[in-house]
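First residue of the sequence shown: 0, per numbering that gives the first Met the number 0; consecutive thereafter.
The C-beta atom is built at its ideal place from N, Cα and C for all residues, glycine as well.
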Amino acid sequence: MAKSALNNQETMGNRKILANRILNRLKKMYPEADCALYHNNALELLVATILSAQSTDETVNKVTPILFRAYPSAACLASAKAADMETIIKPTGFFRQKTKNIINTCKILVESFGGEVPRTMEELIKLPGVARKTANVVLGTWFQKNEGVVVDTHVGRLAQRLGLTWTGKDSKDAVKIEQDLMQILPRNQWTFFSHALIWHGRRICVARKPKCDACELSSLCPSAFSSE
Numbered sequence: 000m001a002k003s004a005l006n007n008q009e010t011m012g013n014r015k016i017l018a019n020r021i022l023n024r025l026k027k028m029y030p031e032a033d034c035a036l037y038h039n040n041a042l043e044l045l046v047a048t049i050l051s052a053q054s055t056d057e058t059v060n061k062v063t064p065i066l067f068r069a070y071p072s073a074a075c076l077a078s079a080k081a082a083d084m085e086t087i088i089k090p091t092g093f094f095r096q097k098t099k100n101i102i103n104t105c106k107i108l109v110e111s112f113g114g115e116v117p118r119t120m121e122e123l124i125k126l127p128g129v130a131r132k133t134a135n136v137v138l139g140t141w142f143q144k145n146e147g148v149v150v151d152t153h154v155g156r157l158a159q160r161l162g163l164t165w166t167g168k169d170s171k172d173a174v175k176i177e178q179d180l181m182q183i184l185p186r187n188q189w190t191f192f193s194h195a196l197i198w199h200g201r202r203i204c205v206a207r208k209p210k211c212d213a214c215e216l217s218s219l220c221p222s223a224f225s226s227e
C-alpha cells in the first residue's frame, strides 16, 4: 500500500477517535439537544426550516405560530395569496423568494404526496427551497432517519475548529464538511451531533471570541485559546 494511502488511513482513524470523544462529551453536555425550531408536525418543520435560511431560529419562532394559524395545512399554504404570506414572514428576510418556495412546495405536496411531507432525501431535495441541509433537518428530526449531517454556520465553524474537517479558513464548503463528518461519526448519531454542535456554537463556541475558558471540549480542541 502506498505511503500516502497509509497516512490517509491514519488521519481518518485519528479523526474518528477525536470525533467519538467529542460526541461522548456532547452527550453529557447537551443530552436533550434537539432542533430549536418550533413545530408540531413534519410540514411545520419543513416550512420553518425553509424560513430559517439567512435568518435566526428566534425570528422564525416568532413568525411561524402566526403563519400556521393562518395556514394550518399544505393545502392552505398552497392556496395562500403571496402578498398576505409575505407580510407574515417578512421579518425572516428574503421573504418574497421564501413565500414563492413555500407556496410552490406545498402545491407539490398536495398534488403529489396527498399533502404530506415525503420521507426520502431524493424527494425532498426536489422541492423548491429545499437543499440537503433542510432535508437533513426534516428527515433526522421528525422522521428519525439519519441521512446526513446538518451543516449550518455553527456546525461548519465548529467542525473546522475541532479539527474534524478542513476546507480553508474562509471556505464554507458544506458538502465537503458533511461528507467528512459522515465518514467519522456513527450514522445513528448524525442528527444528535448536528443539534448538539449547533447548541454549543450558540452558547460557547461563538463566531467571535469563543468562550474557551468555559468550554468542556477545550482539551480536545486544537483551536482552543487561539487568537482566532
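Check	Outcome
Classification of N40 by the beta-carbon crowding that lies within 10 angstroms, buried from 16 upward	exposed
Contact set for E215: own chain, Cβ-Cβ below 7 Å, skip 5 residues either direction	R24 and M28
Where C105 sits in the DSSP three-state scheme	helix
Three-state class that DSSP yields for G12 in the structure shown	helix
Beta-carbon gap between T55 and L36 smaller than 8 Å	no
C-beta contact flag for L219 and L157 at 8 Å	no
C-alpha gap between P209 and P90, whole angstroms	28 Å
Nearest-angstrom Cα separation, counted from A173 out to T10	20 Å
Cβ neighbour criterion (16 or more within 10 Å) applied to T119	exposed
Range covered by the alpha helix (DSSP H) that runs through W189	W189 to R202
Same chain, Cβ closer than 6 Å to A223, five either side skipped, listed in chain order	C211 and S217
Helix, strand or coil at L66 [DSSP, three-state]	helix
Local Cβ density within 10 Å of A1, reported as buried at 16 or more and exposed below that	Any reading at A1 is ruled out, since the residue's pLDDT is 40, under 50, leaving its predicted position unreliable.
C-alpha distance - T152 paired with Q53, whole-angstrom precision	10 Å
Contact check, V109 vs A74, beta carbons under 8 Å	yes
Unbroken alpha helix (DSSP H) run spanning D212, endpoints	Unbroken run through D212: none, as it is neither H nor E.
Cβ distance (whole Å) where I107 is taken to contact T98 below 8 Å	That belief does not hold up - the Cβ atoms of I107 and T98 are roughly 15 Å apart, past 8 Å.
N19 in three-state terms, based on DSSP	helix
Residue burial classification, Q143 (beta-carbon count within 10 angstroms, cutoff 16)	exposed
For A52, three-class secondary structure by DSSP	coil
Member of A77, L66 and V46 whose CA lies at the smallest distance from the CA of T86	L66
Proximity to P117 [Cα-Cα], best of T63, L44 and Q159	L44
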